[in-house]
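Notes to accompany the following structure.
Chains as they are written, first to last, in the numbering used here: chain A, 1 to 438; chain B, 439 to 759.
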């Protein structure tokens, strides 16, 4: 096959997903309906107050905050795959960069909404700007998350510019207004050497800049907990502990997305077994680091069993949270590491299930970090109803917790319907480079 | 010299008219002045004089007729209360001393507090806890209000300056500003804060009240509430609600600067430093560096038994170890 034909095939393959089809409409209809139901639940919370949740004066942060931590965590993967691996010359990750960036942008943008859902007075959100205090970690968090969303948008958009031009050129069946949007957004891209150099340079600058910002968003999120004198939160390793945990969750999310894109968009030639194998190795690596931090986080206080820590740890190890705690460690961390050591398991289908287990485990891990600590304050919980002593999430609260997931799926689905999820021009460039080497 | 020049000068018609005018106006002014003077005198005799206190704390005496009643709008009242509430009382440093050897778990403090701040019965600004440090040490009752820390973790983490530390040492919460993030609840090691999860119980009755940050009434749905050291009572020179309500002489309240505290039951005023010195006063969890303004006297020589029925609850947080 000549180069011309190959280029032609790549372009056609990668642009094939950009069209409206029945399955997309059904899927979006389903997501839209589910979102409406969950949004109705939020309406109840707005009307009646947060009494619709299972929260109380002692466990005052529950599923919403666990959700927030999870969303910020998952969004870090954009930085790891597109920036860290890209800058260190790991070429295999290049076709996954845009998938990782879409996931990063969707999760980071929705994380901002998740925190608003947890507020008792969401209509006073602007107070954070009007009366903002720089000393509060919440203000740091809002600042860095906003910056990360902005940079992630740029990180997705700038390398996309040549592809937008290709979309404009090739997708002549689209209605004119849609093509004009592509034209407008491609900013008069002609593919001149000067333009190519500009894009390359700016992508590199953003890739370097996004690394500290991504580290900052999750470190600051961990400080929301570590900066309090609470047993189970008062830990100096929370920053790196959260960041490595974030890579575990994000890698799992990317693997799941890879599986569905490959299957639904017919991208078997672009997202290959090789990519799954590599992602499997990456997941093992980050999981091992996370396991090491987890061991430190529980092992060190458990050896000493200080009075205040003992209650908290025994609730986790043998008490009411033991089932969840050990399931999370086993199915979300230890077993996936062992399984992924085998090459047979680093194939698309087994990895889909492993990644799902890791991702679910990652969510409950946040729950385990956020909730049990509050059930064991320094002073005993007395003279309050039982519901204040043990946190039990309600149905309404669960629906409100699901809403952001639906929103993320909507964003990811829409984005991958309007832009090629693997960079067309980079794939072609890669092909040309390989040919030159031969 | 001409005849004309010798003749005594006669006023011309014009000049005459001018003079007449001056005399006329003069008479009129003079007359009015006299009239006004007499009138003024008359009024002066009748006038009722009143004393008024200016915003700058100056006492003035003026005629009652010169005063106008200032009808402030709700917003103006709120602004005034908010400013006053944030400033605190100059020159004061309020402290509380809780004598654990006296507390018999009467819970009159809790009732008075809930009543004053319109709280639900299951939520507390002050909570009497059943405490036991270890299995072999005696159990005792411990009232626990907000510790009004000098290094308050709650104030540090608040993103909007809704909870704040005043110059007189009191930590307040402004529920007109609170966004309901509950970071302060998470940060407080003394579990001193509560949240209005639902519509507050007296929200209908309190609808027309202007919000007083020193009382935190009316309570608002979706905001945090906490012990205020009864800042509204303290401003009037009275003892806090809980302190006055105690039948057992548990509480002392006063000013560190004056080195005096007053017992809410006996109304006896004693030296603050000496009270701590003589009875081994201490603060809760000093290792956290929060510097509480609430001091405790140990449960030494209690003249009452710790009730048997409360023993399991007191031992609960000791675990099975």
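Where is the CB? At the ideal position from N, CA and C, for every residue including glycine.
Keep in mind that this is a model prediction, so the values were computed, not measured.
Residue i, buried or exposed, once every other Cβ within 10 Å from all chains shown has been counted against 16
i, result
"residue 452 of chain B", "exposed"
"residue 440 of chain B", "With a pLDDT of 49 at residue 440 of chain B, under the threshold of 50, the predicted position of this residue should be treated as unreliable, and no value is reported."
"residue 90 of chain A", "exposed"
"residue 545 of chain B", "buried"
"residue 37 of chain A", "exposed"
"residue 23 of chain A", "exposed"
"residue 743 of chain B", "exposed"
"residue 690 of chain B", "buried"
"residue 395 of chain A", "exposed"
"residue 226 of chain A", "buried"
"residue 275 of chain A", "buried"
"residue 19 of chain A", "exposed"
"residue 375 of chain A", "buried"
"residue 204 of chain A", "exposed"
"residue 642 of chain B", "exposed"
8 Å Cβ cutoff, residue i in contact with chain A
i, result
"residue 736 of chain B", "no"
"residue 615 of chain B", "yes"
"residue 565 of chain B", "yes"
"residue 473 of chain B", "no"
"residue 523 of chain B", "no"
"residue 726 of chain B", "yes"
"residue 645 of chain B", "no"
"residue 723 of chain B", "yes"
"residue 628 of chain B", "yes"
"residue 660 of chain B", "yes"
"residue 755 of chain B", "yes"
Residues that residue i bridges to, as DSSP identifies them
i, result
"residue 60 of chain A", "None, per the DSSP bridge assignment."
"residue 609 of chain B", "B:603"
"residue 424 of chain A", "Answer is none; residue 424 of chain A lacks a bridge partner."
"residue 565 of chain B", "B:582"
"residue 663 of chain B", "B:632"
"residue 489 of chain B", "B:499"
"residue 720 of chain B", "B:734"
"residue 692 of chain B", "B:533 and B:699"
"residue 707 of chain B", "B:700"
"residue 254 of chain A", "Answer by DSSP bridge pairing: none, since residue 254 of chain A is not bridged."
"residue 650 of chain B", "B:655"
Below-8 Å beta-carbon distance, residue i vs any chain B residue
i, result
"residue 50 of chain A", "yes"
"residue 190 of chain A", "no"
"residue 13 of chain A", "no"
"residue 383 of chain A", "yes"
"residue 127 of chain A", "yes"
"residue 223 of chain A", "no"
"residue 235 of chain A", "no"
"residue 379 of chain A", "yes"
"residue 281 of chain A", "no"
"residue 316 of chain A", "no"
"residue 174 of chain A", "no"
Proximity of residue i and residue j at Cβ, strictly below 8 Å
i, j, result
"residue 680 of chain B", "residue 551 of chain B", "yes"
"residue 634 of chain B", "residue 673 of chain B", "no"
"residue 138 of chain A", "residue 412 of chain A", "no"
"residue 538 of chain B", "residue 736 of chain B", "yes"
"residue 309 of chain A", "residue 235 of chain A", "no"
"residue 702 of chain B", "residue 677 of chain B", "yes"
"residue 60 of chain A", "residue 636 of chain B", "no"
"residue 348 of chain A", "residue 269 of chain A", "no"
"residue 662 of chain B", "residue 555 of chain B", "no"
"residue 587 of chain B", "residue 750 of chain B", "no"
"residue 244 of chain A", "residue 290 of chain A", "yes"
"residue 111 of chain A", "residue 77 of chain A", "no"
Within chain B, the residues that residue i reaches when beta carbons sit closer than 8 Å
i, result
"residue 138 of chain A", "595, 597, 619 and 621"
Where residue i meets chain A, residues with beta-carbon distance less than 7 Å
i, result
"residue 561 of chain B", "57"
"residue 632 of chain B", "57"
Chain B contact residues for residue i, given Cβ-Cβ distances below 7 Å
i, result
"residue 228 of chain A", "591, 624 and 625"
"residue 131 of chain A", "598, 599 and 615"
"residue 119 of chain A", "617, 618 and 619"
Closer than 9 Å at the beta carbon, the chain B residues around residue i
i, result
"residue 330 of chain A", "Near residue 330 of chain A there are no residues of chain B at all, since even the closest Cβ is about 25 Å away, more than 9 Å."
Residue i: contacting residues in chain A (beta-carbon distance under 8 Å)
i, result
"residue 603 of chain B", "Those do not exist, as residue 603 of chain B stays about 12 Å from chain A at its closest Cβ, beyond 8 Å."
Residue-chain proximity (residue i, chain D), Cβ-Cβ < 8 Å
i, result
"residue 148 of chain A", "Absent from the structure: chain D. Protein chains present are A and B."
Within chain A, the residues that residue i reaches when beta carbons sit closer than 9 Å
i, result
"residue 747 of chain B", "Within 9 Å Cβ-Cβ: nothing; residue 747 of chain B doesn't reach chain A, min ~13 Å."
"residue 554 of chain B", "Ordered by position in chain A, no residue passes the 9 Å Cβ test against residue 554 of chain B, which lies about 18 Å from the chain."
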